Amino acid sequence: MDKIRESLLKKSIATKIERRGKIISLFCLALIVGIVFLIFYFVASRGLATFFQNHINLWQFLSGTQWNPGTNGTNGQPAVGALPMILGSFLITILSALIATPFAIGTAVFMTEISPRRGAKILRPVTELLVGIPSVVYGFIGLQVVVPFVRHTFGGSGYGILSGTFVLFVMILPTVTSMSADALNAVPRYYREASLALGATRWQTIYKVVLRAAIPGMLTAIVFGMARAFGEALAVQMVIGNATLLPQNLVSPASTLTSILTMGIGNTVMGSLQNNALWSLAMILLLMSLVFNLVIRYIGRKGKLNHER
Amino acid sequence: MADNSMTTDQRNIMKFDPKDHEIALSTEDLRVFYGKSEAISEGDLQFERYKISALIGPSGSGKSTYLRSLNRMNDRIATVKGKIMYRGLDINSNDIDVYEMRRHIGMVFQRPNPFAKSIYENIAFALRQRGMNKKQDLDEIVERSLRQAAMWDQVKDDLNKSALALSGGQQQRLCIARAIAIKPDILLLDEPASALDPISTSQVEDTLLELKQNYTIIIVTHNMQQASRISDYTAFFNLGKVLEYAETGDIFTNPQVDLTNDYISGNFG
Chain A
1 MDKIRESLLK
11 KSIATKIERR
21 GKIISLFCLA
31 LIVGIVFLIF
41 YFVASRGLAT
51 FFQNHINLWQ
61 FLSGTQWNPG
71 TNGTNGQPAV
81 GALPMILGSF
91 LITILSALIA
101 TPFAIGTAVF
111 MTEISPRRGA
121 KILRPVTELL
131 VGIPSVVYGF
141 IGLQVVVPFV
151 RHTFGGSGYG
161 ILSGTFVLFV
171 MILPTVTSMS
181 ADALNAVPRY
191 YREASLALGA
201 TRWQTIYKVV
211 LRAAIPGMLT
221 AIVFGMARAF
231 GEALAVQMVI
241 GNATLLPQNL
251 VSPASTLTSI
261 LTMGIGNTVM
271 GSLQNNALWS
281 LAMILLLMSL
291 VFNLVIRYIG
301 RKGKLNHER
Chain B
1 MADNSMTTDQ
11 RNIMKFDPKD
21 HEIALSTEDL
31 RVFYGKSEAI
41 SEGDLQFERY
51 KISALIGPSG
61 SGKSTYLRSL
71 NRMNDRIATV
81 KGKIMYRGLD
91 INSNDIDVYE
101 MRRHIGMVFQ
111 RPNPFAKSIY
121 ENIAFALRQR
131 GMNKKQDLDE
141 IVERSLRQAA
151 MWDQVKDDLN
161 KSALALSGGQ
171 QQRLCIARAI
181 AIKPDILLLD
191 EPASALDPIS
201 TSQVEDTLLE
211 LKQNYTIIIV
221 THNMQQASRI
231 SDYTAFFNLG
241 KVLEYAETGD
251 IFTNPQVDLT
261 NDYISGNFG
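Those protein sequence lines, which keep their order, are chains A and B. With UniProt numbering, letter number 95 in the first sequence gets 95, and the count goes up by one each step, no holes. With UniProt numbering, letter number 134 in the second sequence gets 134, and the count goes up by one each step, no holes.
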C-alpha cells in the first residue's frame with residue numbers, strides 16, 4: 001500500500017516529459033510570435049523614418065507620381081511619390097485575379113462535380129506541381145514567351161502591366177483552383193441530394209446550390225490568390241519593365257512595389273532617404289498583406305455563420 | 001434443400017389484384033450493386049396509390065438502398081438492374097429523363113437538409129428552376145405547400161427567415177413542403193423522423209397521414225411503432241431481400257415468415 005502512496009506523491013517520468021514538451025512547444029510559439037513582431041517593428045521603424053526623419057508628407061508619398069529618391073522633383077520637393085508603384089501593384093493584382101477566377105472556378109467545378117475521379121488523378125497533381133515551380137522560372141518564361149507575344153499582339157515594347165498580369169495569372173491559378181476545389185468539396189453532400197431530388201438538373205444543382213454555398217470559400221481562395229499576386233516580386237520584375245512612371249496603358253513599362261524594392265534595396269545606403277523610402281514601400285506591402293489576411297478571416301467567419309445558422 | 005435454408009427461403013410477398021388496387025409504382029427483379037457486392041438481390045414490390053407503404057428491416061438490410069433506387073438517386077453511386085415500373089414505363093432505363101422523373105417521384109432524406117436560404121426560397125427553388133418566376137404563383141404555391149405540411153401557421157410571418165433557424169422537426173417538414181411544392185405523384189421518405197425528437201416525430205407523422213389523400217408515400221423506417229402507426233402496407237427487408245410484404249395489420253399481428261416475427265418481436269435487428 002505504501003508503495004502506491006509513494007508513487008502517487010512522486011512526479012512520474014511521464015509527467016516530467018509532458019511538462020518539458022509543453023515548455024518546448026510554448027517556446028516555439030513564442031519565438032514565431034516574437035519574430036513576427038520584430039519584423040513589424042523593424043519595417044515600421046525604417047518605413048516611418050521617411051516621414052518623421054526626412055519629413056516627407058504622407059499624402060505626398062502616397063499621391064506623388066515622381067519617384068527618384070535623393071533628388072528633387074519638379075515641385076522642388078524630394079521625388080518620393082509612390083503612386084505609380086501602388087497603382088501598378090493594385091492593377092496587376094486585380095487584373096490577374098479577374099482573369100484567373102473564371103478559369104479557377106471552371107477547373108474546380110470539373111474537379112469536384114463533373115469528374116471527381118479524373119480531377120483527383122490528373123488535375124490535383126498538376127495544380128500542386130504548378131504551385132511548386134520557382135517564380136524565377138515563371139519570370140523567365142514570361143520574358144521569353146509572354147513579352148514577345150504581347151509585343152506582337154498588343155504593340156508597345158511588350159514589357160508592362162499586361163505581361164505581368166499574364167504571368168501572375170498562371171502563377172496564382174493553381175492556388176485559387178485548389179482552394180476553390182476545397183471549398184466546393186466542403187459543401188455538404190446533402191445539399192446536392194436535396195437539389196437533385198427536387199428534379200433540378202446537375203447544372204442547376206452546381207450553379208444554384210453548390211456554387212452559392214461555396215461562395216465564402218471561393219472568395220477566400222480569390223483573396224489568397226490576390227495576396228500572392230500582390231507580394232510576388234521576381235517574376236513580375238522580369239516582365240513589367242520597371243519604369244517608375246504612372247501607367248498610361250497596359251503595354252507601357254510600369255512597376256510594382258515589389259519590383260522597385262528588389263531592384264533598389266541593394267543600391268542604397270542604410271539610413272539615407274533613398275533607403276528609408278524603400279522601407280516605406282515595404283511597409284505598404286506588409287500592411288496590405290495584413291489587410292488581405294483580415295479580409296480572409298472576415299469572409300471565413302461570415303461563411304461559417306451562414307452554414308451554421 | 002438443406003434444412004437451414006428452409007427458414008431463409010421462406011417468403012410471403014403480397015401481389016395486388018389490379019382490378020381493386022391502383023398500382024402507383026412497382027419493381028421487378030431489382031438488383032443493386034455497389035461495385036461487385038450485391039446490396040439488393042431481389043426486390044419485387046408493388047405500391048398502391050394513395051397509401052403509405054413502410055419498408056422496415058435491420059440496419060444494412062438494404063431498405064434505404066432500395067428506396068433511393070426508386071427515383072434513381074443511386075445512379076452515380078451504384079449499379080441498379082431490373083425494372084422500376086411507373087405509369088407503364090420502366091423508369092430505370094436510359095431513355096428516361098431522370099430530372100423530369102424526379103419531379104414526379106420526390107424524396108425526403110433522413111437528415112433535414114434545407115438549403116441555407118430563406119424558408120420561402122427553399123420552397124421556391126425547384127419552381128424557379130422550372131422557369132416559374134411570377135411572384136403571385138410562387139406565393140400561392142409556397143403557402144399551399146406549407147399548409148399541406150402543416151406548418152403554415154407557425155412560419156407565415158417568418159418566410160424570409162433562414163430555414164436553418166428552424167427546429168429539426170420544422171426543418172424536416174419544410175423539406176416535405178419543398179418536395180410537394182412541385183406536386184409529385186409519389187413521395188419517398190428515407191427515415192424522415194430518425195433524427196427528430198418524439199414531438200417532432202409525431203408532427204411529421206401527422207403530416208404524412210394528411211398527405212396520404214393526395215400522394216403515394218413510401219417510407220423507410222427503423223421504428224416499428226412508426227410503421228404500425230402510419231402505414232397501410234409493410235415490407236420486411238433482410239440481407240438485401242424482401243422477405244415479407246403484407247398489410248401492416250397482418251404483418252404485426254400475424255407474420256408468415258419466421259424472421260419477420262423475430263424482428264418485430266425484438267429478437268434481432
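Don't be surprised by glycine CBs; every beta carbon is placed ideally from N, CA and C. Note that this is a predicted model, so its numbers are computed, not measured.
Going by DSSP, which residues form a beta bridge with residue i?
i, result
"B:Val32", "B:Ile40 and B:Val80"
"B:Met107", "B:Leu188"
"B:Gln85", "It is worth fixing the name first, because residue 85 of chain B is Met in this sequence and not Gln. B:Ser26 and B:Asp90, per the DSSP bridge assignment."
"B:Glu244", "B:Asn12 and B:Phe236"
"B:Tyr55", "The identity of residue 55 of chain B in the sequence shown is Leu, whereas the question assumes Tyr. According to DSSP, which records beta bridges pairwise, B:Leu55 is partnered with B:Val220 and B:Ala235."
"A:Gly241", "A:Ala254"
"B:Gln46", "B:Ser26"
"B:Ser162", "B:Ser118"
So, are the CB atoms of residue i and residue j less than 8 Å apart?
i, j, result
"A:Ser289", "A:Gly241", "no"
"A:Leu29", "A:Val136", "no"
"A:Ala100", "A:Ile172", "yes"
"A:Gly156", "A:Met238", "no"
"B:Asn71", "B:Ile105", "yes"
"A:Leu168", "A:Ile92", "yes"
"A:Pro148", "A:Gly158", "yes"
"A:Gln66", "A:Gly76", "no"
"B:Ile218", "B:Ile264", "no"
"B:Val220", "B:Lys63", "yes"
"B:Gln110", "A:Gln204", "no"
"B:Met107", "A:Ala197", "yes"
"B:Phe236", "B:Ile56", "yes"
"B:Pro192", "B:Gln172", "yes"
"B:Ile40", "B:Gly240", "yes"
Return yes when the C-beta of residue i is under 7 Å from any heavy atom of the ligand GDP, and no when it is not.
i, result
"B:Gly35", "Absent from the structure shown: the ligand GDP. Ligands present: none."
Identify which residue in the options has its Cα closest to the Cα of residue i.
i, options, result
"A:Ser89", "A:Val295, A:Trp279, A:Lys302 and A:Pro247", "A:Pro247"
"B:Met224", "B:Gln136, B:Leu164 and B:Asn261", "B:Asn261"
"A:Leu281", "A:Thr15, A:Leu48 and A:Ser12", "A:Leu48"
"B:Gln203", "B:Asp137, B:Gln154 and B:Ala235", "B:Gln154"
"A:Val146", "A:Ala197, A:Thr127, A:Val223 and A:Ile161", "A:Ile161"
"B:Ala143", "B:Glu48, B:Asn238 and B:Asp158", "For clarity, residue 143 of chain B is Glu in the given sequence; the question names Ala instead. Per the Cα distances, B:Asp158."
"A:Glu128", "A:Thr175, A:Trp279 and A:Leu98", "A:Thr175"
"A:Ile265", "A:Pro216, A:Leu130 and A:Arg46", "A:Arg46"
"B:Arg31", "B:Ile23, B:Ile13, B:Met14 and B:Asp75", "B:Asp75"
"A:Phe42", "A:Gly199, A:Met283, A:Ser252 and A:Pro78", "A:Met283"
"A:Ser115", "A:Val170, A:Arg202, A:Val150 and A:Thr50", "A:Arg202"
"A:Tyr298", "A:Gln274, A:Ser259, A:Pro216 and A:Ala243", "A:Pro216"
"A:Thr258", "A:Leu143, A:Ala277 and A:Tyr190", "A:Ala277"
"B:Ile52", "B:Pro18, B:Gln226 and B:Glu121", "B:Gln226"
What is the DSSP secondary structure of residue i, counted as helix, strand or coil?
i, result
"A:Arg297", "helix"
"A:Val269", "coil"
"B:Gly249", "helix"
"A:Pro69", "strand"
"B:Ser61", "coil"
"A:Ser157", "coil"
"A:Gln248", "coil"
"A:Val291", "helix"
"A:Ala79", "strand"
"A:Ser115", "coil"
"A:Ala229", "helix"
"A:Thr74", "coil"
"B:Thr7", "Unreliable placement is indicated for B:Thr7, whose pLDDT of 49 sits below 50; the coordinate value is still reported in the next sentence. Looking at B:Thr7 - three-state DSSP - the assignment turns out to be helix."
"B:Pro198", "helix"
"B:Gln213", "coil"
"B:Asn267", "coil"
"B:Asp206", "helix"
"B:Leu67", "helix"
"A:Ser259", "helix"
"A:Ser7", "helix"
"B:His21", "coil"
"A:Pro125", "helix"
"B:Val257", "coil"
"B:Pro112", "coil"
"A:His152", "helix"
Assuming residue i and residue j are in contact, meaning their beta carbons sit under 8 Å apart, how far apart are those beta carbons, in whole angstroms?
i, j, result
"B:Val242", "B:Glu42", "7 Å"
"A:Phe292", "A:Met226", "7 Å"
"A:Ala120", "A:Ser180", "Contact doesn't hold; Cβ gap of about 15 Å is too wide."
"B:Ala177", "B:Leu146", "5 Å"
Margin query: Short of 9 Å Cβ to Cβ, which residues in the region 126 to 140 of chain B face chain C?
Written below: In the displayed structure, chain C is absent; the protein chains listed are A and B.
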